[in-house]
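Residue 272, in the numbering used here, is where the sequence shown stops; the numbers in between run on with no holes.
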Amino acid sequence: MSPYIAFARAFAGSILVASLVAGCAGFTRDSRMLDVDGLHNAILADNVEYVQGLIMSRSASVNEPIPAPGYPQGTPLITIAARSASLEVMRYLISAGADVNARTPAGETALMLASFFFKEDRERDALSYEQHEAAVRMLVEAGADIENDPHHYTPLAYAAYQGRDRTVRFLLERGARVDADTQDGMTYINTPLMMAAIQGHHITALWLLLAGADPRIRVHQGHTAAEFAQKYNHSNLFRMLKCAESLAPGEAFAAKCE
């Protein structure tokens, strides 16, 4: 599964919602047409009053899956809000009982999306991530799972791919497994360290190594983190990772390779 997730800003059309959402037994829907386009745009604009009005009027449920670009079959409201870091909408949905571990049809959780995306209308710097960092914290505080199913990318891997250093440190502090579900030095999906190596995020890789990431892990029939760094021409990162690979058991990474 690629960490690239396609979302667009707007889409047209509306649907007649005629069934209950899983997990919402007892919810009786108003027979009116749900304005999917209006709801989607309200979430992107963080218009909590609009979203709350639809849910209070039973035109939509708190766990409503609505069509969105890339997800024509529908994706839960919380995932759209997390992707756009619409904090007021997120706060309302969580307080109203939204499933914080709901997934897109591609299997991404709200926490994964908040860990990956940033404000696209800003220059890409620390400020562009602030709202998404707040979204990450909100989801974790609300009980979102910081891991994923076996052989799937984790929120930590998504954050590492984007060089989201503060999010990486936060997830590690909250107990995220630095090597995900690696077993016996092998993995079927890129580890967070590999994700950082692919993108050349030197500082991110450093934080992961200091947290105990194993640079010797190899993806099944593929590369180690150092080999990924070499493949994508990140020479300084490659040297640091090769140094980390050479350490003897118990030898401190910071004392030799940092």
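Don't be surprised by glycine CBs; every beta carbon is placed ideally from N, CA and C.
Residue interval of the beta strand (DSSP E) (run including residue i)
i, result
"Gly88", "Tyr85 to Pro90"
"Ala82", "Pro79 to Ala82"
Under the three-state DSSP convention, the category residue i falls into
i, result
"Arg105", "helix"
"Met47", "coil"
"Phe197", "Residue identity check: residue 197 is Gln in the sequence provided, not Phe. Gln197: strand per DSSP, three-state reduction."
"Val76", "coil"
"Cys38", "Residue confidence is low: Cys38 scores 37 on pLDDT, short of 50, so the model does not pin down where it sits. No coordinate-derived value is stated."
"Thr118", "coil"
"Arg97", "helix"
"Thr205", "coil"
"Arg232", "strand"
"Leu255", "helix"
"Pro17", "Its pLDDT being 44, under 50, Pro17 is placed unreliably in this model, and the coordinates cannot settle the point."
"Ile211", "The residue asked about is misnamed: residue 211 is Ala in this sequence, not Ile. DSSP places Ala211 in helix when its eight states are reduced to three."
"Leu261", "coil"
"Ile57", "helix"
"Gly111", "coil"
"Lys133", "coil"
"Gly162", "With the sequence shown as reference, residue 162 is identified as Asn, and Gly is not the correct amino acid for it. Correct three-state label for Asn162: coil."
Whole-Å CB distance - residue i paired with residue j, under 8 Å assumed
i, j, result
"Val114", "Val65", "Not a contact, Cβ separation roughly 16 Å."
"Ala96", "Ala56", "So it is not a contact: roughly 15 Å between Cβ atoms."
"Arg178", "Tyr143", "6 Å"
"Leu220", "Glu265", "With a Cβ gap of about 16 Å, Leu220 and Glu265 do not count as contacting."
"Leu91", "Leu107", "6 Å"
"Leu101", "Gln145", "6 Å"
"Ala258", "Leu224", "In fact, because the Cβ distance is near 10 Å, the residues do not count as touching under 8 Å."
Residue from the options with nearest C-alpha to residue i
i, options, result
"Ile231", "Glu272, Ala171, Asn204 and Ala262", "Asn204"
"Thr129", "Ala99, Asp195 and Ala156", "Checking the sequence shown, residue 129 turns out to be Ser, not Thr. The option with the nearest alpha carbon to Ser129 is Ala99."
"Pro81", "Ile69, Asp159, Ser71 and Ile94", "Ile94"
"Ser73", "Ile57, Asp49 and Leu261", "Asp49"
"Leu255", "His234, Gly264 and Ala227", "Ala227"
"Asp159", "Gly177, Glu122 and Glu259", "Glu122"
"Gln197", "His165, Leu53 and Arg188", "His165"
"Ala149", "Asn162, Arg105, Ala190 and Cys271", "Arg105"
"Asp193", "Gly214, Asn162 and His216", "Asn162"
"Asn250", "Ala116, His234, Ile212 and Ala110", "Ile212"
"Ile69", "Cys257, His248, Ala112 and Ala116", "Ala112"
"Pro119", "Pro86, Ala243, Gln176 and Arg253", "Pro86"
"Glu155", "Arg188, Gly67 and Arg117", "Arg188"
"Thr238", "Ala110, Met209 and Asn61", "Met209"
"Met200", "Phe131, His234 and Tyr175", "His234"
"Arg117", "Lys270, Gly88, Val182 and Ala174", "Gly88"
"Glu134", "Pro83, Leu58, Leu170 and Arg183", "Leu58"
"Leu153", "His248, Thr181, His54 and Glu63", "Thr181"
"Gly236", "Tyr246, Asn247, Tyr202 and His215", "Tyr202"
Element boundaries [alpha helix (DSSP H), containing residue i]
i, result
"Phe184", "Asp179 to Glu187"
"Glu241", "Ala239 to Lys245"
"Pro169", "Pro169 to Tyr175"
"Gln145", "Glu144 to Glu155"
"Ile65", "Just to set this straight, residue 65 is Val in the shown sequence, not Ile. Residues Val62 to Met70."
"Thr218", "His216 to Leu224"
"Leu125", "Ala124 to Phe130"
Heavy atom of the ligand MN within 7 Å of residue i beta-carbon
i, result
"Glu147", "Looking at this structure, you won't find the ligand MN or any other ligand, since it has none at all."
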